[in-house]
Amino acid sequence: MSKEHIEEYIEAIYDIAGRDGVAKTTEIAEHLHNAPASVTEVFQRMKQKGLVRYESHKGVSLTAKGFKTAMRMKRKHRLLEVFLDKMLHLPHEKIHDQACKMEHTLSDETETALCKTLKGPAECPHGSPIPPCDLDVTNCQECLAEQTLELEKREKDIVSITSLKPGEKGKIAFIQGGKGVIQRLCDLGLTNRTSISIIRSAPMNGPIEICVRGCKLVIGRDIANKIFVHAEG
Amino acid sequence: MNIDLAVVLAGNANVGKSSIFNQLTGLGQIVGNWPGKTVEIAEGVLLHHGKHIKIIDLPGIYSLSTYSQEEIVSREYIALEHPDVVVNVVDATALERNLFFTLQLLEMRTPLVIALNLVDVAKKKGMIIDEERLQELLGAPVVPTIATKGVGVHEIIDEAIKQTAKQSSVYKNVIRYGSEIEQRIEKLERVLVGIDIGYPLRWTAIKLLEGDSEIVNKVGEKHPDVVVTANILAGEISEIHKEPCSNVIASERYAVAARIVKEIQTSKEPAKASMSERLDSLSMHSVWGYALMFTIMLSILMFMSLFGGWLSETLRNLFESVNPHITGLWPDLAWNGGVVGFYATLSVALGFILPFYLILGVLEDSGYLPKIAYLMDRPCHTIGLHGKACIPLLLGFGCNVPACVGCRIMETKRDRLITVFLSTLVPCSARTVVILGLVGAYVGVQWAIALYVVDFMLIFVIGKILNRILPGVSVGIIMEMPPYRLPSGKVVVKQAWNRFKPFLLTALPLIIIGSIIVEAMRITNVLFFVSSALSPVTVVWLGLPAFTGFLFIFGVIRKEAALVLLATTAGTLNIRSVMSPVQMIVFALVIMIYVPCVATIAALIRETGWKNATLIAFSEIGLAVLLGGIAFRLLSVFM
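These protein sequence lines map, in sequence, to chains A and B. The numbering of the first sequence is this note's numbering, which starts it at -17 and goes up by one. The numbering of the second sequence is this note's numbering, which starts it at 26 and goes up by one.
Right under this line is the structure:
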């Protein structure tokens, strides 16, 4: 029985259970498109793991441990929905199913990073609340402040050459992009730790002219955006 | 002819390979101050002290790991044709980058001569180069040259002959990489023993570590296990350096190049900005750069229109003053066909084509073209291309054929296809003849300029559409910016002549024969039948005189012929009497857009294949007829 499988069951129980916290075996079977017999079998195993209370004929309910897992899954699911909606601009009708698939593989560490990147959202795109995390912080601001501090520190050090002004210099830190373009730039002398200076840039996000190893090169804005340097005075 | 020695000229773009080639062979390879002129291999033979020496000029190349199409040609030639000697032409003013390539040639163990070109410019810039020490460090002879003046070019050949004489010379490894890399090269060399793909063992090993796709494919065909081993070793290297293995190797090569330069070159930083730099800050300025560009373009157009108009007018007056009254079939054919044809061709050639080639030569030789690529990069993005595309498009103003071939400087197939299509829409000098010689001269310069504007708008719209249809995005511009230099009068004139010669040799006889045929057809009434067959399009839809149908057909062979033959076909030199201003504009518009001339179609087939060439030709015919008909109806309202 896979972890993903169990997580699906926990979520189903959480979604279906009534006020008393109990869900009927037949309802779960219907919801997950499984035969009641196999569903019962799964419940038995989950009971062994301490995730649910289960007695035949009475139905199934989550234990404290099970409930915690359910909240975690909901949190991951809804964070992913926000991510798919806000950052990737996926169509609304697709984000739920996609998030369902992704939530099981999302590590806790990634979940935290995602939450920070999304600046601690409170609700999913469908309006359901996102359960809080269990990190050792008093509120989201604290966590986010830490994040921006880190970002600022990094940005001060390494910048894209497009953010330098004419006359400014930098030493190449890294270049992002396709293999062909990186190879070409390397061949033209833009290897790591090479010093380059900005000569000028064309208006309206046009290309920029740089000087590297005594040669002048014109580089399109999209490529230049991905050349990062340690800025020098 | 027995060839005693084959010498290949190789090196970075725009370092003077073609200039050296021209000096040695006396041939007319196109030269100019911008990277990417040479896109095809050129060959010539030199007789040097009784020996026949084949000289091969290759497109510029920055590295043996290739990027664009024309560079693959160079690499394959160097690697697979096994030339007797490679002459590595090196730009003395940019030694570090140039030596990066030299080091790769040394790794390939090709017999090598270094031509240290542009030594005069380097000296002017305050660079002092210790040539002897460079020779020692590289283990290959170094010859200082000034290609444009022919200084040192024959010494290159002397050295090349000496190089081949000392067969099986022992090469030392100029580059020793870091021990972590050397260990893995050795390991790979041991695995590679017995596998011969025609390259030196060490070089093959290094290329495998770099992940060079061609070498990987070659070795992988029969020995996939070796490729796996190489991948593991390359992975280890990138693990140590935290960057891809090919970048690590490039960095090390550059480190060696930088070390050599530091040892052999001393340079004084010039106190003030050079003339070229000061010109740059004007011509590449965010506002003035564009203003200057438009002014230059517009002045060229105005000048050509006025000068060409004036010259053909003068020639016509001169001609009409001797107009004899002729009767009889043969004198009529000879005069109205032959002589009128000759006069008309001469006036378009001297009035429009030759002056334009001279201007183009100045633009090319001065180094202004790359600045246009820089200025126009952003606008080019809206049609899914990047600034480099401007260069073939500008060349298209001279002739569409070199423009189509020049599109090879575009890196991807998609970019190439779009640029090729658009370059066939650029009004070449032949079409300029029709636009300026007909509309400019008889209707008004403003209408001629309006036609250009329409054409540019069309290029923009077609570009937009192609950008939509063809999948993918442009990779973006990466281009070297050469400094300005004063155009050499000799080079400009020679270049213009080289471009003009084919016109005189093919177009002139063709048009004269054409006009004789037209005159004969006019006398025998055949012209009438051909023209009336096309009249549903020409007369009904386009509103043109029936005789233009024939001109459109002949125009496919040479577009300027359409104007030249206009006089013969209409049977009078006074075009105003047979065509209204609206008709002239519509006629020029259709000539401007409809199907490219045969030479261009041939180039299209070669560059893009039958399917695309047919598609381009037919869509342009459709467009021309459609727009011509619309223009006729619109203009008839106003004029």
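In this text, a Cβ means the ideal position worked out from N, Cα and C, and glycines have one as well.
Contacts of residue i in chain B (Cβ-Cβ under 8 angstroms)
i	result
residue 27(A)	Those within 8 angstroms of residue 27(A) in chain B number zero; the least Cβ separation is about 41 angstroms.
Contacts of residue i in chain A (Cβ-Cβ under 8 angstroms)
i	result
residue 268(B)	156, 174
residue 125(B)	169, 171
residue 90(B)	165, 169
Rounded C-alpha distance that separates residue i from residue j
i	j	result
residue 188(B)	residue 157(B)	17 angstroms
residue 337(B)	residue 60(B)	37 angstroms
residue 544(B)	residue 354(B)	10 angstroms
residue 606(B)	residue 627(B)	34 angstroms
residue 415(B)	residue 390(B)	16 angstroms
residue 142(B)	residue 181(B)	11 angstroms
residue 260(B)	residue 47(B)	46 angstroms
residue 214(A)	residue 37(B)	30 angstroms
residue 79(A)	residue 184(A)	45 angstroms
residue 134(A)	residue 199(A)	Confidence at residue 134(A) is low in this model, with a pLDDT of 49, below 50, so the placement of that residue is unreliable and no value is reported for it.
residue 360(B)	residue 595(B)	15 angstroms
residue 107(A)	residue 101(A)	15 angstroms
residue 149(B)	residue 503(B)	28 angstroms
residue 343(B)	residue 368(B)	10 angstroms
residue 78(B)	residue 133(B)	23 angstroms
Coarse secondary structure for residue i, derived from DSSP in three states
i	result
residue 290(B)	strand
residue 617(B)	helix
residue 111(A)	strand
residue 456(B)	helix
residue 197(A)	strand
residue -9(A)	helix
residue 655(B)	helix
residue 134(A)	Residue confidence for residue 134(A) is low, a pLDDT of 49 falling below 50, so the modelled location carries little weight and cannot support an answer.
residue 77(B)	strand
residue 15(A)	coil
residue 401(B)	helix
Cβ of residue i within 8 angstroms of any chain B Cβ
i	result
residue 204(A)	yes
residue 214(A)	no
residue 195(A)	yes
residue 102(A)	no
residue 303(A)	Any property of residue 303(A) remains undetermined from this structure, which presents chain A solely from -17 to 215.
residue 115(A)	no
residue 182(A)	yes
residue 198(A)	yes
residue 134(A)	Caution applies to residue 134(A), whose pLDDT of 49 falls short of 50 and renders its modelled position unreliable; the model cannot decide the point.
residue 188(A)	yes
residue 211(A)	no
residue 201(A)	yes
residue -2(A)	no
residue -9(A)	no
CB contact below 8 angstroms: residue i versus chain A
i	result
residue 119(B)	yes
residue 475(B)	no
residue 259(B)	no
residue 272(B)	yes
residue 410(B)	no
residue 502(B)	yes
residue 307(B)	no
residue 506(B)	yes
residue 403(B)	yes
residue 122(B)	yes
residue 233(B)	no
Closer than 7 angstroms at the beta carbon, the chain B residues around residue i
i	result
residue 30(A)	In chain order: nothing, as chain B lies at least about 43 angstroms away.
residue 185(A)	311
Under 9 angstroms by beta carbon: chain B residues contacting residue i
i	result
residue 146(A)	Chain B residues near residue 146(A): none, gap ~17 angstroms exceeds 9 angstroms.
Residue-level contact to chain D via CB, residue i, 8 angstroms cutoff
i	result
residue 165(A)	The structure shown has no chain D; the protein chains it does contain are A and B.
Proximal residues of chain A, C-beta to C-beta of residue i below 9 angstroms
i	result
residue 276(B)	168, 173, 174, 175, 176
Listed by chain order, chain A residues near residue i by CB distance under 7 angstroms
i	result
residue 279(B)	171, 173
residue 87(B)	169, 170
Completely contained alpha helix (DSSP H) runs for the region 25 to 103 of chain A, where each covers 4 or more residues: Counting only unbroken stretches of 4 or more residues, the alpha helix (DSSP H) elements lying wholly within the region 25 to 103 of chain A are 46 to 64, 74 to 84, 90 to 99, in sequence order.
Which runs of the alpha helix (DSSP H) spanning at least 4 residues fall entirely within the region 462 to 520 of chain B, listed in chain order? List check, alpha helix (DSSP H) in window: 470 to 494.
Ordered list of alpha helix (DSSP H) runs contained in the region 230 to 256 of chain B, each at least 4 residues: Fully enclosed alpha helix (DSSP H) runs of 4 or longer: 238 to 247.
Suppose only complete runs of 4+ residues qualify. What are the alpha helix (DSSP H) ranges in the region 516 to 580 of chain B, listed by chain order? Runs found: 533 to 548, 551 to 558, 573 to 580.
Length at least 3, wholly inside the region 159 to 226 of chain B: the beta strand (DSSP E) runs in chain order: Fully enclosed beta strand (DSSP E) runs of 3 or longer: 167 to 169.
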